[in-house]
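Report on one structure; see the data block that follows.
Chains as they are written, first to last, in my numbering: chain A, -10 to 140; chain B, 35 to 392; chain C, 108 to 493.
What follows is the structure, encoded as structure tokens:
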């Protein structure tokens, strides 16, 4: 499915989505509140069938955080990038780990590195950092005078 | 021709000529204890260096070759290192049992040496139930392993000990039954009688297929009983780090280690005695000329040659096979080896009753 | 083990933090961070019921170096060298991904000679990685000897790498625009006349020593079952997913460099168990040999590196590049603000996703099965932790 057809399909699922082009794949901007039901439909829809979440990460834009989900379909071989803009002080988004199981670990990583809280995540603990770590290391304003070496 | 038999006879006569009978017994006991411990130490050193050289040979590498000529003193150096190491007892360990366990394993291994015939008429105590003695004493070592695993207060150790318990208790059955098949043939539990019955040929050749089946089952069962790969679940290092002896260090660890090698030596010696004729040279029926030529090779060389061949086979197993899983291990014993050895014993009884063997 | 005073209050009631321990009758064991089965510093907390596993809880981060944060202050030439330390067994391929990303963003045309060399290097790395995996996996199963057999062949390979790249493990050979310098003058000869014939003559030994062994087959057949749907859902990639029947070879689906010019098969097994994963890797070695054979004697003449500016500046935007490492799909996601350093970089490592299915595939099996499953997942811990 090419980008134009994808746009039509996605707008049918959720009219409020906006699109951005220019990158390698179609970028889809979604409101965090709409994301979970939209994600369910993305996986369930037979024409879209996005069953492979191959990358889940977060970007700190200093004013806000953006969740980035790279989705692909192993059946139709099309790819989209879904973005959710989150508030930086209280970033909350619904988990998608019941749809794509791989999200469980990736969300735990984003949780400890960016402080994004994933609602309804079954096991939201720190995965890589020690349990008593303070701060969110991958945020742009994170300072660690001992361990961080500035070039 | 000089042999062990002559030396012991001469020593006995010399002692009797100079001392009272009770003193002779006392002196001989002390001598035997010293000799047994010396044999123990030497066997341990030799078997460790042998294991490492065999492993190196299998693994296309050099093996120890720096300490002493051809690296022969490597295991001596290792022993010195182990003696000098600190023996750590975990804080929460049951200290008495923790310290006792290696000695139980060690003593069990030493006791089994008694009935083994090392050469013609050269043995410590040729008691009339020798084989029964060996099978019963060898069951004691599992107590030491369970004790060590439990007293360490370590989860790996406990799991390893439990595995070891299940394994040794199961595999003793097959080992016992395959020993019985030979006992049925020669009608005696006395080690020297068993060896004497093989004068016209070793049981593995004389006993038809049942003897060969029993030999194979015996080899598998004793490999499991001595906790050797592919049955080394009690100390499976990729699963349980070092299993029941995880917490042992220094000389206590060395005792476990040594006992393992002594056990290998003993089970191989028993296997050689039962199936390969012990010190009995290679005889074919009543070919007198051939048998005479074979008799010129000293009996001790025959015994140690056979034993070390079996040890080599067991080492060969270790460096070739992957490890079994615990349920597969028990399945193998209870579903395959035990029924087969029971049927095998039955067949052998028929063979013995109708004198179908050679 | 806790002392009684640590457990109880003065009035003999349990301290609050131990109430949970009392209620659960679970027997937990720590596999790692120092443990022979984990080949590194992976920590698994496994909950047991006798010998049967109830839960596997990975605890990561013992070798976490925060490469993503580090790369935010490194230039686009520098950040390649850090990635060699991620999946150190396929460092060429990691470097390749980073180089490809920069080339894609700057639209640099890479000389064909460089493309050939890169693909050959990638496949040599894949062979080396699979050989090491093969030995280490057999060692997990309790067979020590295969390790030395694998290293015998791998040693020649590392020597070839050393001639060309000057390093045996962290090659750092690929740069944006091509490769750092021409391969060593003996490179073609040693690969085609020494290494490939040696490896081909030894492959049957691997089959005889491990593949055909009845104990080994019983250990891996039907163990660690990963279904087609689960493999996709858990984001598995590489040999792990291909053993479950998923077509996911990036070299086939999204070919880069000269992968679209060579003939090779995507190895697919459908059983999804440890044996299938084992067979996929063993057959991939053969496919890699075939790829190298097609390329090694046909390396075109020309430049080994395209001309690029001394200081690379990526245009504003987001870039994603994926390659097939020995473990699966490595994704590099770069957010650029137009400067000389990435604004945000994310490495989607194959091991991280492959590890996440470990709890699922080992539930209800024995400890021995956990080791077998872990061995055939081919986990490299620095790749997981980053």
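All C-beta atoms in this analysis are idealised placements derived from N, C-alpha and C, irrespective of residue type, glycine included.
Using DSSP with H/G/I as helix, E/B as strand and the rest coil, what is residue i?
i: residue 61(A); result: strand
i: residue 263(B); result: coil
i: residue 343(C); result: coil
i: residue 29(A); result: helix
i: residue 164(C); result: strand
i: residue 429(C); result: strand
i: residue 329(B); result: helix
i: residue 62(C); result: Given a span of 108 to 493 for chain C in the structure shown, any question on residue 62(C) remains unanswerable.
i: residue 493(C); result: coil
i: residue 248(C); result: coil
i: residue 146(B); result: coil
i: residue 18(A); result: strand
i: residue 281(C); result: strand
i: residue 304(B); result: helix
i: residue 323(C); result: helix
i: residue 296(C); result: helix
i: residue 286(B); result: helix
i: residue 52(A); result: coil
i: residue 480(C); result: helix
i: residue 198(C); result: helix
i: residue 171(A); result: A query on residue 171(A) cannot be resolved here, the shown segment of chain A reaching from -10 to 140 and no further.
i: residue 41(A); result: strand
i: residue 452(C); result: strand
Kindly list the residues whose CB is nearer than 8 Å to the CB of residue i, restricted to its own chain and excluding five residues on each side of it in sequence; keep chain order.
i: residue 390(B); result: 242 and 384
i: residue 170(C); result: 147, 148, 488, 489 and 492
i: residue 226(C); result: 364, 365, 366, 369, 398 and 402
i: residue 334(C); result: 351 and 379
i: residue 194(C); result: 200, 201, 432, 433, 434, 437, 456, 457, 458, 487, 489 and 490
i: residue 452(C); result: 175, 178, 179, 186, 439, 440, 441 and 442
i: residue 495(C); result: The structure shown does not extend to residue 495(C), since chain C is modelled only from 108 to 493, so the question has no answer here.
i: residue 472(C); result: 159, 160, 330, 331 and 480
Does the ligand NAD have even one heavy atom less than 6 Å from the beta-carbon of residue i?
i: residue 280(B); result: Among the components modelled here there is no ligand, and therefore nothing to report on the ligand NAD.
Whose C-beta lies closer than 7 Å to the C-beta of residue i among residues of the same chain, with five residues either side of it excluded?
i: residue 387(C); result: 346, 349, 350, 374 and 376
i: residue 180(C); result: 448
i: residue 14(A); result: 68, 69 and 70
i: residue 303(C); result: 396, 399 and 400
i: residue 45(B); result: none
For residue i, I'd like the list of residues in its chain whose CB is within less than 6 Å of its CB, leaving aside the five on either flank, ordered along the chain.
i: residue 192(B); result: 183
i: residue 458(C); result: 434, 486, 487, 490 and 491
i: residue 421(C); result: 212 and 443
i: residue 383(C); result: 350 and 376
i: residue 429(C); result: 357, 436 and 438
i: residue 127(C); result: The predicted position of residue 127(C) is uncertain, since its pLDDT is 45 and thus under 50; a value taken from the coordinates is nonetheless stated next. There are no such residues.
i: residue 92(B); result: 353
i: residue 162(C); result: 154
i: residue 50(C); result: Any question about residue 50(C) goes unanswered here, given that chain C covers just 108 to 493.
i: residue 108(C); result: A caution first: residue 108(C) carries a pLDDT of 42, below 50, which makes its placement in the model too unreliable to give a value.
Requested in this report: Inspect the CB distances between the stretch 70 to 88 of chain B and the stretch 273 to 283 of chain B and report whether three or more fall short of 8 Å.
Outcome: Cβ pair count under 8 Å is below three, so no.
Query raised in the report: Is the stretch 95 to 111 of chain B touching the stretch 351 to 368 of chain B in the sense that three or more CB pairs, one from each, lie closer than 8 Å?
Result: Taking 8 Å as the limit for Cβ pairs, the verdict is that the stretch 95 to 111 of chain B does not touch the stretch 351 to 368 of chain B.
Requested in this report: Scan the stretch 152 to 177 of chain C for residues whose Cβ lies nearer than 9 Å to a Cβ of chain B and list them as they occur along the chain.
Outcome: Taking 9 Å as the Cβ-Cβ cut-off against chain B, the residues of the stretch 152 to 177 of chain C that qualify are 155, 157 and 158.
**Report entry** Interface positions of the stretch 115 to 135 of chain A facing chain C (Cβ-Cβ less than 9 Å), listed along the chain
**Finding:** Against chain C - using a Cβ distance shorter than 9 Å - the residues of the stretch 115 to 135 of chain A are 115, 116, 117, 118, 119, 126, 127, 129 and 131.
Query raised in the report: Touching or not, the stretch 286 to 306 of chain B and the stretch 157 to 177 of chain B, by the rule of three or more beta carbon pairs under 8 Å?
Result: Of all C-beta pairs linking the stretch 286 to 306 of chain B to the stretch 157 to 177 of chain B, three or more are shorter than 8 Å, placing the two stretches in contact.
Query raised in the report: For the 8 Å Cβ check, are there 3 or more pairs between the stretch 429 to 444 of chain C and the stretch 196 to 209 of chain C?
Result: A contact exists between the stretch 429 to 444 of chain C and the stretch 196 to 209 of chain C.
Report task. Taking only beta carbons into account, state which residues of the stretch 336 to 348 of chain C come closer than 8 Å to chain B, listed in chain order. Result -> Only those residues of the stretch 336 to 348 of chain C whose C-beta falls short of 8 Å from the nearest C-beta of chain B would be listed, and there are none.
Report task. Compile a chain-ordered list of the residues in the stretch 344 to 355 of chain B whose CB is closer than 9 Å to at least one CB of chain C. Result -> Taking a C-beta cut-off of 9 Å against chain C, the contacting residues of the stretch 344 to 355 of chain B are 352, 353, 354 and 355, listed in chain order.
Query raised in the report: In chain order, which continuous runs of the beta strand (DSSP E) of length 3 or greater are located wholly inside the stretch 140 to 195 of chain C?
Result: The stretch 140 to 195 of chain C is shown to contain whole beta strand (DSSP E) runs of 3 or more residues at 150 to 156 and 159 to 166, in chain order.
**Report entry** Segment contact flag, the stretch 210 to 226 of chain B with the stretch 249 to 258 of chain B, C-beta cutoff 8 Å, min 3 pairs
**Finding:** Counting Cβ pairs under 8 Å, three or more are found: they touch.
Report task. Write down every uninterrupted run of the alpha helix (DSSP H) in the stretch 199 to 275 of chain B whose length is 4 residues or greater and which is fully enclosed by it, in chain order. Result -> Taking 4 residues as the shortest admissible run, the stretch 199 to 275 of chain B contains the following complete alpha helix (DSSP H) segments, listed from N- to C-terminal end: 225 to 230, 237 to 240, 242 to 259 and 271 to 274.
Report task. With 7 Å as the C-beta to C-beta threshold (strictly closer), list the residues of the stretch 287 to 312 of chain C near chain A in chain order. Result -> Contact annotation: in the stretch 287 to 312 of chain C, no residue has its CB less than 7 Å from a CB in chain A.
**Report entry** Uninterrupted beta strand (DSSP E) stretches inside the stretch 87 to 131 of chain A (no shorter than 3 residues)
**Finding:** Qualifying beta strand (DSSP E) stretches, in chain order: 106 to 108.
Query raised in the report: Is the stretch 123 to 131 of chain B touching the stretch 186 to 201 of chain B, taking contact as three or more C-beta pairs under 8 Å?
Result: In short, these stretches touch, since the Cβ pair count reaches three.
Requested in this report: Identify each residue in the stretch 81 to 105 of chain A for which the Cβ-Cβ distance to at least one residue of chain C is less than 7 Å, and report them in chain order.
Outcome: From the stretch 81 to 105 of chain A, only 89, 90, 91, 93 and 94 have a Cβ closer than 7 Å to chain C.
Requested in this report: Using a Cβ-Cβ cut-off of less than 7 Å, list which residues of the stretch 112 to 144 of chain B approach chain C; keep chain order.
Outcome: Those residues of the stretch 112 to 144 of chain B that come within reach of chain C (Cβ to Cβ, closer than 7 Å) are 126.
Query raised in the report: Do three or more CB pairs link the stretch 311 to 321 of chain B to the stretch 219 to 233 of chain B at distances below 8 Å?
Result: Under the three-pair Cβ rule at 8 Å, the stretch 311 to 321 of chain B counts as touching the stretch 219 to 233 of chain B.
Report task. Mind listing, in chain order, the continuous beta strand (DSSP E) runs of no fewer than 3 residues lying wholly within the stretch 103 to 189 of chain B? Result -> Runs of the beta strand (DSSP E) inside the stretch 103 to 189 of chain B: 151 to 153.
Query raised in the report: Are at least three pairs of beta-carbons, each pair with one atom in the stretch 170 to 184 of chain B and one in the stretch 193 to 207 of chain B, less than 8 Å apart?
Result: Judged by Cβ distances under 8 Å, the stretch 170 to 184 of chain B makes contact with the stretch 193 to 207 of chain B, as three or more pairs qualify.
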